[in-house]
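Heads up: the structure comes next, in structure tokens.
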Amino acid sequence: MGGALAGKQVVQVATGAEHACALTKDGLVACWGKGSGGALGNQPSASSNVPVAVFAAGVLAGQTITQISAGGDFTCAVASGAVFCWGANAGGQLGDGTTTSRPIPVKAVASGASALAGKTVTEVSAGLDHACALSSDATLACWGSNVTQQVIPSTTVKQVLIPTVADQGDLAGRRVTQVSAGAQITCAVASGSVVCWGLNQSGQMANGPVSTTPQAVPSLVTTKAPSALAGKTVATVSSGLGHVCAVTTDGAIACWGWGNTGQLGTVAPAAGLTVPFSVTGNPGSGVMRGAIARGVATGFYFTVGLTSSLPDGPTSVAAKAGSAQATVSWVAPASTGGSPITSFVVQQSTDAGSTWTATAGSPTAATATSLVVAGLPNGVNVTFRAAAVTAVGQGPFSTATSVVRPEAPPATASPTLTPTATPSAPAISKPGAVQALAARNAPSRVVVLSWRPPVTGTAPSSYQVRRKQGGDRFSAWTTVTATTLTIRKLRKGKRYSFAVRAANAAGFGPGVVVRRTIR
């Protein structure tokens, strides 16, 4: 990427209504897109089609930025445990106590009546025209436009200019672990459940009928069947323009609210979907069905899911037997599903794969490529298989190895002294098979056979040859002493088989056959 991000390593990207920002590994923030109200944080409030560095000489001087969030026409960042914002501020969304737009970063009020006073902020979320922050002690604070009661429920205040605690309704008594400010709606993960408040005209609350009247009290999103959140623990939530999506701890994605452009992963009624739909479940939605989700992000009219897959099975799995043990080896799978391998699991079977049991020493370290399995019974056949494990889960097992059979080493015999015998004549063995047998056509229905003596056994004293035509029986053996033989008066156009074997005093070698069609 060019501009201020040229040569930089980006660690986070945040997208707003008409602009985007990126955070680099060395703490630089650069923004691009529409600069209305100063959303790019580079003083002149101009738009830019290349990333420009956010002004860092003011309140951000010496600060370490750890997280960013882009909203409607403004941006917020967490730096050194505090919140800094820049851009449009008509609703008080910068949290600096004013409604004045700021083309360079200002610090959200963190003193006096501010809910951020004395707090260490860990996360900030910028919505359309309001924002919320979560502190290390789970304090949730929001500020900005409150026209749909997305900041402070049950009040008619239209603008909340400084961070104010949000702990009403179903937030009370629950520990908030994540927050997402959307377009006139706020949702938070509280004790593993989703709590939302604000606009509900498309079913964003998912806890009752659609209504043009904002939901005045933070309320739990339904987890009653057929809700996709039934029996689930929620890890993160993301609020969009008129829809909301959540990721559960077991990697499922559920969405609800406005879905007229397909942002819920299913066909939704015009009024909105008031019950969470499982994008990753059955029947699910397209390629997301059955996926393991790592995160989800909602835009105005679309949703993006980040998924991980299980690793493939190890390859080239083999076993080599020893005494009461076997060494199993493998090659790590090429595809790990997007997560690093944490270990390998090895199983063994003594009934040809009908049943499998855990193998001693399994699971192994993530870097292992072999495992010595001790304590195996000698004389019993055994086979092995292996699987890779990541943070997402255990992948499929490999194909089973060939059967191996551990055996005890042979006993070492004591040397025995034997008297020296009188040398006898060398034993004679049968000759081996003749070598390079060939049949060559010659003129006038003649075939010339040739071969070489065998290379095994005692040397032959003679050779025997016989022949047959087609499917007839072989003729009787004919003895010759040479390694060539000319056979005449054969039938033209017929296919003959010729057999040759070597002979000596110990017997005959195996016959070798060659076939030839006569010209």
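In the numbering used here, the protein residues as written are 1 to 519.
Built from N, CA and C at the ideal position, the CB exists for glycine as well.
| Asked | Found |
| --- | --- |
| Output the boundary residues of the beta strand (DSSP E) element that contains F55. | From DSSP, F55 is part of no beta strand (DSSP E); its letter is neither H nor E. |
| Give me the residue from S36, Q435 and L310 with the minimum Cα distance to V500. | Q435 |
| So, with DSSP's three-state summary, where would you put S36? | helix |
| Going straight from the alpha carbon of N441 to that of N381, what length do you get? | 55 Å |
| Counting beta carbon pairs with one atom in the segment 145 to 155 and one in the segment 106 to 118, are three or more of them shorter than 8 Å? | no |
| In the DSSP assignment, what are the bridge partners of K320? | T327 |
| Based on the DSSP secondary-structure assignment, which residues constitute the bridge partners of T236? | V247 |
| If we count the other Cβ atoms within 10 Å of its Cβ and call it buried at 16 or more, is N200 buried or exposed? | buried |
| Helix or strand or just coil, what does DSSP make of L490? | coil |
| Looking at the structure shown, is G87 part of a helix, part of a strand, or coil, going by DSSP? | strand |
| In angstroms with no decimal places, state the Cα-to-Cα distance between R102 and G92. | 11 Å |
| Since G509 and P431 are thought to touch, with beta carbons under 8 Å apart, how far apart are those beta carbons, to the nearest angstrom? | 4 Å |
| Could you say which of R519, G95 and A113 lies nearest to A131 if we only look at CA atoms? | G95 |
| Taking the alpha-carbon of W477 as reference, which of T483, T486 and V465 has the nearest alpha-carbon? | V465 |
| Which residue marks the beginning of the beta strand (DSSP E) containing R102, and which one marks its end? | R102 to K107 |
| Does the Cβ-Cβ distance between Q575 and Q184 come in under 8 Å? | Lying before the first or after the last residue shown, residue 575 is absent from the chain, which here runs from 1 to 519. |
| On the criterion of 16 or more Cβ atoms from any shown chain inside 10 Å, does E407 qualify as buried, or is it exposed? | exposed |
| Would K232 be called buried (16 or more neighbouring beta carbons within 10 Å of its own) or exposed? | buried |
| Classify A4 as helix, strand or coil using the three-state DSSP reduction. | helix |
| To the nearest whole angstrom, what separates the beta carbons of A503 and S462, a pair I think is in contact under 8 Å? | 5 Å |
| Check L229 in the structure and name its three-state DSSP category. | coil |
| Give me whichever residues DSSP pairs with A502 in a beta bridge. | Y463 |
| Under three-state DSSP, which class holds V279? | coil |
| At the level of alpha carbons, what is the spacing between A358 and T186? | 48 Å |
| In angstroms with no decimal places, state the Cα-to-Cα distance between G265 and Q215. | 25 Å |
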